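> The first sequence begins at 104 in our numbering and counts up by one.
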Amino acid sequence: MEYNFTDIEKKWQKYWEENKTFRTPEYLTNPKKCYVLDMYPYPSGAGLHVGHPEGYTATDIFSRYKRMKGFNVLHPMGWDAFGLPAEQYAIQTGTHPSVTTKNNCDTFRRQIKELGLSYDWEREINTTDPKYYKWTQWIFIKLYNTWFDEKLQKGRPISEFIIPEEIKKQGKKEVTKYIDSKRLAYYDNAQVWWCPSCRIVCANEEVLFDGSHEKCGNKVEKKNLKQWMLRIPLYAERLLSGIDNVDWPEGIKDMQRNWIGRSTGAEVDFAVEGLNQKLTVFTTRPDTLFGATYMVIAPEHSLTVTITTDERRKDVNDYIKAASLKSDLDRTDLAKEKTGVFTGRYAINPVNHKKLQIWVADYVLTGYGTGAIMAVPAHDTRDFEFAKKFDLPVVCIQDPDVSDHNQKERILKGEECWTEDGTYINSSDMATGIDINGLNKETGIAKIISWLESTNLGREKVNYKLRDWLFSRQRYWGEPFPVIHWEDGEISLIDEKELPLELPQLEKYLPGESGESPLANATEWLTVTDNSGRRGRRETNTMPQWAGSCWYYLRYIDPHNDKLIFDTAKEKYWMPVDLYIGGAEHAVLHLLYSRFWHMVLFDLGIVSTDEPYKKLFNQGMILAFAYENEAGGKVAADIIEERDGKFYNSETGMEVRQIVAKMSKSLKNVVNPDDVVLRYGADSLRLYEMFMGPLDVTKPWDDKGVKGVFNFLGRTYRFFSNPGNIVAADENPEILKGLHQAIKKVEGDIENLRFNTAISAMMIFLNLAMKKGKVTKETVNIFTKILSPFAPHIAEELWQQQGHARTLAYEPWPVVNETYLKEDTFEYPVSFNGKLRFKIELPVNMGKEEIARIVLADERAQKWLSTGKMSDIIVVPNRIVNIVVKN
RNA sequence: GCCCGGAUGGUGGAAUGGUAGACACGCAGGACUUAAAAUCCUGUGACCAUAACGGUUGUGCGGGUUCAAGUCCCGCUCCGGGUACCA
């Protein structure tokens, strides 16, 4: 029988749909549960990409396998459908984003269904559905009404917050202000990039090096806009320590650790000469205080204006203005020369009372530490560079451990920077009584910190790179904030009972001139009046795309519940997610944000686990072949001709080079899954995606490679569907052995997500079966089962041909019978000095001495023994024999 | 700069410190066919050599540990990803 994959696949997709084969079990008594999650896609207009089925096939194989192992499996799919492309399409064409979104989701759903993925479609979610974002808004209200108790390291309801008496005395306004300063969500001024021509706020990533907007090329400017922010840094310690307890790739864990960026050091207060102000710096090296020779504050620092003397005011103001026009990329480009201006003011070094010039420079950032630093040019390259440029003093305080005498001299004189560790010199002061000369780094830091704390001039301090999360966007196509700004300045959140606050219909989607979101045009929706006649205006910003994806895994658990975010018992049963697969591009932001929300929900008792994703795995990117000419210019893949293993540009006849690159429209090397399904079928596409290589590595798509797995499926089908190949007899022991080896290998490989070698194990078995020519019905049944997670359509068809009436999706996974795998003999490789010379078959239970005796007596051994004197013989039972011969 | 990966035939890739190159593509030869496709069979790291055997060499480079290294250790080179005046 020919392998007619199109008919087979259509038939079984229809069967699964009609029989609701993959509906999630509702009885939650089975202690074996498995929640298998994909990173849901943004349904773009371009349709599915071959990168999508990679992760989806992996989770599908895992889900199907777990069902056969007797697990209750939750395996859902949905759409991350808010986002910019639909909104921009609306601006251009007037089509409402919900229309565009619906069409795109329909395309994605059709494409995904054609891959035979075993999702429970009754649990499909869509972040743009008001029934979904009702709960996104609900969580926002929870965040707003939560404060972080630093002592307990735990989020708590704002109602439990105790307001200090001295604040209460200052009146209602101050109390509100104080409470707001503790909420996890707050509303404040923030600097954002604004493109005046597009009238849109740009993400940092959208601003090019020269300060222009990548979409239109016009200059962007910084704008101060009131924004919603989330205090994620309060959870920094929890987010950091939680990483240790999850089964994630080490690389991703490291990326999260780096992003959180914990560093320990001290805050040190410097008196400012002539002002009743102190300037506080954060440093990881308080031990180098004696080497501090000047100070630098960021242009945006709150004290910059106060510190600057009148004589220096004009220069400083000019500098601040210039810095504000620079893009962040521009400012942080290390290759650029450092700039800065002197404020005219001096600070006093607490360890030795020396006067230090205070400068303003944009290499110091407002957002990190205190926005001010003490500069130690002798031992920090950035400070050294700055000091040399502006002729500031350099004092060496660490004895450089270098053998080159001249270099040592230069370092000691402050002519060269020394960034390694060394014992301290020049680090004592009689007047202040502190002395760390001769100490090493550890003891030096400890001594200085305890001195600072005893004199109340500083304190030990932990700092994080993690910043408050800017949580609003000036867009239409996002979740509206459930917030009202009243005319008297009060901010209130709408009642939970009034949720969802739906997006209003709009005629125009362009943002307002002032930087306001397009929602500012929705006049009727916008204005509200309370019972006492007070007027208010709704928040016009919307939430960022991250919001919906921060908690979607929770909604799958109980997606149609309109009373609760989810049923508690169901949440307890299914959480945490047992396996989460997606691209590494979400290593930091999405995974960090959703962990943060989850921890807050955990603290409030809404979820039962402190981490959402127990095991995480990142699929590698799928690249494609591309072509470039001698000069390195790219040539579109559709005009390439291959002759004798070489590649030519069919238009010019010139030879081109084959390279591997990301798939892109301009290179014309994008592979469309629909085409592959049409030519080879979904089972082949699934199998190839898994056979290409290990799941986590980047690998190039090669159309030729699909043929290999297609051949395998064709051979499988033709062999097993031919009744002439199936005999009613005892199974051949070699086939039994091969079959059970395959079960064992496939099972282990699925558990470890090593699908490429699982597939090759099945190929090996098929080759063996075809060589033998005949198999029993039992063998067909077992092989069909282990093939089914990978190629479910063909497996269902073969299963049915064997006379089974129902799907094999819930058939028990075959059990390995170790007795079939036992061997009587082992073929020992015999090597001399590590080099293989011959092989000899011996019983597996033979003793070492006897093996050595037989091997040495073998005539093939004589040739090698005669080359020198045997000094040793190593026998590793059932592994190898190695003989050491010396000349 | 810093952090994390990686480098194995013509290609994608296999190898608990123990037979390097499983499996597959490609290629070559053969069978079937009027022919082609499809299918089936055989061979296939490189080099030397043979009637047959056989031998040498080989996992980015240079060292080391070991009876034994693709695998472990030290020092590099190149490629990929992340991140960045983070004090």
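Every residue, glycine too, gets a C-beta built ideally from N, C-alpha and C. Quick caveat, the model's predicted, so the values are computed rather than measured.
1) Indicate the three-state DSSP secondary structure (helix, strand or coil) for residue 909 in the structure shown.
2) Starting from the C-beta of residue 467, find all residues in its chain whose C-beta is less than 6 Å away, skip the five residues before and the five after it, and write them out in chain order.
3) Under 8 Å, with one C-beta from each stretch per pair, do the region 925 to 932 and the region 849 to 860 reach the 3-pair mark?
4) Compute the beta-carbon to beta-carbon distance between residue 390 and residue 381, rounded to the nearest angstrom, for a pair I have assumed lies under 8 Å.
5) Is the beta carbon of residue 447 sitting closer than 9 Å to the one on residue 493?
6) With 16 other CB atoms within 10 Å as the buried threshold, where does residue 800 fall?
7) Going by Cα to Cα distance, which pick from 987, 453, 571 is closest to residue 557?
8) Between which two residues does the alpha helix (DSSP H) containing residue 790 stretch?
9) Taking only three categories from DSSP, how would you classify residue 182?
10) Rounded to the nearest angstrom, what separates residue 913 and residue 901 at their Cα positions?
11) For residue 758 and residue 322, I'd like the C-alpha separation in whole angstroms.
12) Taking only three categories from DSSP, how would you classify residue 584?
13) May I have the straight-line CA-CA distance separating residue 607 from residue 146, to the nearest angstrom?
14) As an exercise, report each continuous beta strand (DSSP E) stretch of at least 3 residues that is fully enclosed by the region 933 to 985, in chain order.
15) Could you name the residues that DSSP lists as bridge partners for residue 288?
16) What residues in its chain sit with their C-beta under 6 Å from that of residue 619, if we drop five residues either side in the sequence?
17) Rounded to a whole number of angstroms, what is the C-alpha to C-alpha distance between residue 658 and residue 525?
18) Determine which residues share a DSSP beta bridge with residue 804 and list them.
19) Quick one: what does DSSP say residue 529 is sitting in, helix, strand or coil?
20) Roughly how many angstroms separate the alpha carbons of residue 650 and residue 143, rounded to a whole number?
21) Just to confirm, is the Cβ distance from residue 655 to residue 291 under 9 Å?
22) What separation, rounded to the nearest whole angstrom, lies between the Cα atoms of residue 811 and residue 876?
23) Can you tell me the Cβ-Cβ gap for residue 703 and residue 132, rounded? I've got them flagged as a contact below 8 Å.
24) Once the 5 residues before and after residue 794 are set aside, which same chain residues still bring their CB inside 6 Å of it?
25) Measure the CB-CB distance between residue 584 and residue 604 and report whether it falls below 9 Å.
26) Excluding the 5 residues preceding and the 5 following residue 523 in the sequence, name in chain order all residues of the same chain whose CB lies nearer than 6 Å to its CB.
27) Assuming residue 219 and residue 112 are in contact, meaning their beta carbons sit under 8 Å apart, how far apart are those beta carbons, in whole angstroms?
28) What residues in its chain sit with their C-beta under 8 Å from that of residue 939, if we drop five residues either side in the sequence?
29) Where DSSP assigns a beta bridge to residue 677, which residues make up the other side?
30) Where residue 507 and residue 514 are concerned, what is the direct C-alpha to C-alpha distance, given to the nearest angstrom?
31) Buried or exposed: which applies to residue 200, given that a residue is buried once 16 or more other Cβ atoms fall within 10 Å of its Cβ?
32) Over what stretch of residues does the alpha helix (DSSP H) that includes residue 419 continue unbroken?
33) Could you check whether residue 806 and residue 217 sit closer than 9 Å to each other, using their CB atoms as the reference points?
34) Report the rounded CA-to-CA distance for residue 796 versus residue 592, giving the unit in angstroms.
35) For a quick check, are the C-beta atoms of residue 970 and residue 890 less than 9 Å apart?
36) In the structure shown, what three-state DSSP assignment does residue 903 receive?
Looking at the coordinates:
1) Along the first sequence, read from residue 1 onward, the residue named residue 909 stands at position 806. In the structure shown, residue 909 sits in coil (DSSP, three-state: anything other than H, G, I, E or B).
2) As a position in the first sequence, residue 467 is number 364, starting the count at 1. Excluding sequence neighbours, residue 467 sits near 399, 401, 476.
3) These segments do not touch.
4) Here residue 390 refers to the residue found at position 287 when the first sequence is read from its first residue. Here residue 381 refers to the residue found at position 278 when the first sequence is read from its first residue. Not quite, the Cβ-Cβ distance comes to about 21 Å (not below 8 Å), so this is no contact.
5) Here residue 447 corresponds to residue number 344 of the first sequence, with the count starting at 1. Here residue 493 corresponds to residue number 390 of the first sequence, with the count starting at 1. Not in contact: residue 447 and residue 493 (Cβ atoms no closer than 9 Å).
6) The sequence position of residue 800 within the first sequence is 697, counting from 1. With fewer than 16 other beta carbons inside 10 angstroms of its own, residue 800 counts as exposed.
7) Indexing the first sequence from 1 puts residue 557 at position 454. Closest option to residue 557, Cα to Cα, is 453.
8) Taking the first residue of the first sequence as 1, we reach residue 790 at position 687. Unbroken alpha helix (DSSP H) run through residue 790: 785 to 794.
9) Here residue 182 refers to the residue found at position 79 of the first sequence. Residue 182: strand per DSSP, three-state reduction.
10) As a working note, residue 913 is residue 810 in the first sequence. As a working note, residue 901 is residue 798 in the first sequence. Answer to the nearest angstrom: the Cα atoms are 15 Å apart.
11) Locating residue 758 in the first sequence gives position 655, where the first residue counts as 1. Locating residue 322 in the first sequence gives position 219, where the first residue counts as 1. In a straight line, the C-alpha of residue 758 is about 42 Å away from that of residue 322.
12) As a working note, residue 584 is residue 481 in the first sequence. Coil at residue 584, not helix or strand.
13) Numbered from its first residue, the first sequence carries residue 607 at position 504. Numbered from its first residue, the first sequence carries residue 146 at position 43. Straight-line measurement puts the Cα of residue 146 at about 22 Å from the Cα of residue 607.
14) Restricted to the region 933 to 985, the beta strand (DSSP E) segments that are unbroken, complete and at least 3 residues in length are 938 to 946, 972 to 979, listed in chain order.
15) By one-based count along the first sequence, residue 288 stands at place 185. Beta-bridge partners assigned by DSSP to residue 288: 333.
16) As a first step, residue 619 must be located in the first sequence, where it is residue number 516. Around residue 619: 643.
17) Residue numbering aside, residue 658 sits at position 555 when the first sequence is read from its first letter. Residue numbering aside, residue 525 sits at position 422 when the first sequence is read from its first letter. Straight-line Cα distance between these residues: approximately 56 Å.
18) Counted from its first residue, the first sequence places residue 804 at position 701. 727.
19) Here residue 529 refers to the residue found at position 426 of the first sequence. It is coil, neither helix nor strand.
20) Within the first sequence, residue 650 is the residue found at index 547, counting from 1. Within the first sequence, residue 143 is the residue found at index 40, counting from 1. Each residue's alpha carbon lies about 13 Å from the other.
21) Mapped onto the first sequence, residue 655 falls at position 552. Mapped onto the first sequence, residue 291 falls at position 188. In this structure, residue 655 lies away from residue 291, with their beta-carbon atoms at least 9 Å apart.
22) Residue numbering aside, residue 811 sits at position 708 when the first sequence is read from its first letter. Residue numbering aside, residue 876 sits at position 773 when the first sequence is read from its first letter. One C-alpha to the other measures close to 21 Å.
23) For this step, residue 703 is matched to residue 600 along the first sequence. For this step, residue 132 is matched to residue 29 along the first sequence. With 8 Å as the limit, residue 703 and residue 132 do not qualify as a contact, their Cβ atoms being about 31 Å apart.
24) Mapped onto the first sequence, residue 794 falls at position 691. Hits under 6 Å: 812, 859, 862.
25) By 1-based counting over the first sequence, the position of residue 584 is 481. By 1-based counting over the first sequence, the position of residue 604 is 501. The answer is yes: Cβ separation under 9 Å.
26) Taking the first residue of the first sequence as 1, we reach residue 523 at position 420. Same-chain partners within the cutoff: there are none.
27) The count along the first sequence starts at 1 and reaches residue 219 at position 116. The count along the first sequence starts at 1 and reaches residue 112 at position 9. Yes, they are in contact, since the Cβ atoms of residue 219 and residue 112 sit about 7 Å apart, within 8 Å.
28) Stepping through the first sequence from its first residue, residue 939 is reached at position 836. The answer, listed in chain order, is 932, 933.
29) Within the first sequence, numbered from 1, the residue matching residue 677 stands at position 574. By DSSP's assignment, residue 677 forms no beta bridge with any residue.
30) Here residue 507 refers to the residue found at position 404 when the first sequence is read from its first residue. Here residue 514 refers to the residue found at position 411 when the first sequence is read from its first residue. About 11 Å.
31) In the first sequence, counting from the first residue as 1, residue 200 sits at position 97. With 16 or more other CB atoms across the displayed protein chains lying within 10 angstroms of its CB, residue 200 is buried.
32) Along the first sequence, read from residue 1 onward, the residue named residue 419 stands at position 316. For residue 419, the enclosing alpha helix (DSSP H) begins and ends at 416 to 428.
33) On the first sequence, residue 217 is found 114 positions in, with the first residue counted as 1. On the first sequence, residue 806 is found 703 positions in, with the first residue counted as 1. Judged by beta-carbon spacing, residue 806 lies beyond the 9 Å limit of residue 217, meaning their Cβ atoms are not closer than that value.
34) Residue mapping note: residue 796 aligns to position 693 of the first sequence, counting from 1. Residue mapping note: residue 592 aligns to position 489 of the first sequence, counting from 1. Spanning the alpha carbons of residue 796 and residue 592 requires a straight line of approximately 59 Å.
35) Here residue 970 refers to the residue found at position 867 of the first sequence. Here residue 890 refers to the residue found at position 787 of the first sequence. Cβ distance not < 9 Å, so residue 970 and residue 890 don't count as in contact.
36) Here residue 903 refers to the residue found at position 800 of the first sequence. For residue 903, the secondary structure class from DSSP, reduced to helix, strand or coil, is helix.
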